[in-house]
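The next block holds one structure in the form of structure tokens; read it before the comments.
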Amino acid sequence: MEAWRVSLCFFSLYLIISGAEADPLQDKRALLEFLTITRPTRSLNWNETTPLCKNWTGVTCNRNESRIIALRLPAIGLNGQIPPNTISRLSALRVLSLRSNRLSGPFPMGLAGLKDLGFLYLEDNDLSGPLPLDFSVWKKLVGLNLSNNRFNGTVPVSLSGLKRLQSLNLANNSLSGVVPEIDLSNNNLHGPLPSWLLRFPPSSYQGIGDDVTHFQPPPEPPTRKKPKGVTKTVFLLIVISVSIVLLAVLAFVFALCYLRRKLRIVKDHNLQKKSGMSPEKFDSRMEEANNRLSFFEGCSYSFDLEDLLRASAEILGKGTFGTTYKAVLEDATSVAVKRLKDVAAGKRDFEQQMEIIGGIKHENVVELKAYYYSKDEKLMVYDYFSSGSVASLLHGKCVISYG
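Numbers -22 to -1, 1 to 381, taken from mature numbering (1 follows the signal peptide of the UniProt record, and there is no 0), label the letters of the sequence shown in order.
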């Protein structure tokens, strides 16, 4: 009896391990069918021989690699309608991003089966037709962006019933009809009410919170009575006087703008002459200074700060000068980002230090690819190496597996 229990434990352990290492075959087949029909113009490294959860671009699996939980395929040239019975078979999907492609046709009704869907991004496509009437099937929906398409019809009333929805963008479509009713009563919201809420009755936002500023409709302008003693001649004199004053003010403003422009041209000319910089290089330098995320010459990355902040992050380590993260962008590009702390340096000093660090070229030193400076945030961007840090190699720290 005891030997039978031991055998049963070993057999259960084998099933758990083999299940964790297995590829989600049903999800893989669904994605390969989707890829065959939509024919993206940008090639993907998807094929039946490679592990789906480890190598496929834009695919994220759960910890035991048994299901796909996120699919991000922005701007890869997907064509045609979203084929039925493909993505809808990814029943564990939480994030779906197909933005900035060439998808057309109606809203994919098969997505109604994705009960765990929390984020849906289909903006910047050519989708058309009415929106689904019942959005309540996605009770976990947090972010929804369907902007810049050709959807028509009315705005579904069921959107107002999504309790977790934090971001909704339906801009630049052909939607019509009335705005759905809204009820924000008996909550704990704070901040000012937007002016568009004035179209709803006061009962819609009674008791929404103690720290909410209500907009009051502007008072009607008081009716002015015409003075009895003002003749037509006096009225004309007043109009002429006001016109002369306005013309004088306009002339002064135009003269001031002209002088400022001349002064700026002279200043730029002197600066160019002093620094020996051509107008093209000067404009380029000014444009580069205005960029929030600064890349070094020869860097092949093309993401911006918004993409970096929207990426999933994993802490790699903490040091004296800050914390290092692994950031995975929507196109599956991985970079290492060091977030500096307690760095009291002005913008010019910080940029000079970054230029010095970025100029270091050595086979044993990771090259700095980009940096970001603001008053409250300072970031350094490097290539990500999955082999681990120097400290882990020197001290023999093992990597913990969460699979």
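We put the beta carbon where it would ideally sit given N, CA and C, even for glycine.
With respect to residue 146, residue 153 sits apart: the two C-beta atoms are not nearer than 8 Å. Only residues of its own chain outside the window of five on either side were considered, and among them 99, 101, 147 have a CB closer than 6 Å to the CB of residue 123, listed in chain order. Across the structure, residue 328 and residue 144 are spaced so that their CA atoms are roughly 36 Å apart. Taking the Cα positions, residue 31 is about 25 Å away from residue 359. Look at residue 338 here: in three-state DSSP terms it is coil, with no helix or strand label. The way I'd put it, the region 304 to 314 does touch the region 277 to 289; three or more beta-carbon pairs between them come closer than 8 Å. Only residues of its own chain outside the window of five on either side were considered, and among them 304, 312, 313, 314 have a CB closer than 7 Å to the CB of residue 362, listed in chain order. Ranked by Cα distance from residue 75, the first of 63, 323, 49 is 49. For residue 307, the secondary structure class from DSSP, reduced to helix, strand or coil, is coil. Here the alpha carbon of residue 109 sits roughly 42 Å from the alpha carbon of residue 277.
Nearest neighbour of residue 62 by Cα position, chosen from 37, 92, 36, turns out to be 92. Assigned with DSSP and collapsed to three states, residue 41 falls in coil, not helix or strand. Counting along the chain, residue 293 sits inside the beta strand (DSSP E) bounded by residues 290 to 296. Between residue 15 and residue 58, the C-beta spacing is below 8 Å. Distance from residue 22 to residue 54 at the Cβ level is roughly 7 Å; contact confirmed, criterion being Cβ atoms closer than 8 Å. Beta-bridge pairing by DSSP links residue 48 to 38, 73. With respect to residue 125, residue 89 sits apart: the two C-beta atoms are not nearer than 8 Å.
Assignment of residue 53 by DSSP, reduced to helix, strand and coil, places it in the coil class. Ranked by Cα distance from residue 140, the options 301, 346, 114, 105 are led by 114.
The beta carbons of residue 105 and residue 81 sit closer together than 8 Å.
The C-alpha of residue 38 is placed about 34 Å away from the C-alpha of residue 335.
Contact annotation: residue 94 and residue 71 have beta-carbon atoms nearer than 8 Å.
Ranking 301, 353, 300 by CA distance to the CA of residue 323 puts 353 first.
For residue 157, the closest of 135, 150, 151, 142 by C-alpha to C-alpha distance is 135. Collapsing the DSSP output to three states places residue 215 in a helix. DSSP places residue 33 within a helical segment (H, G or I) once states are collapsed to three.
Looking from the CA of residue 128, the closest CA among 116, 220, 229, 149 belongs to 149.
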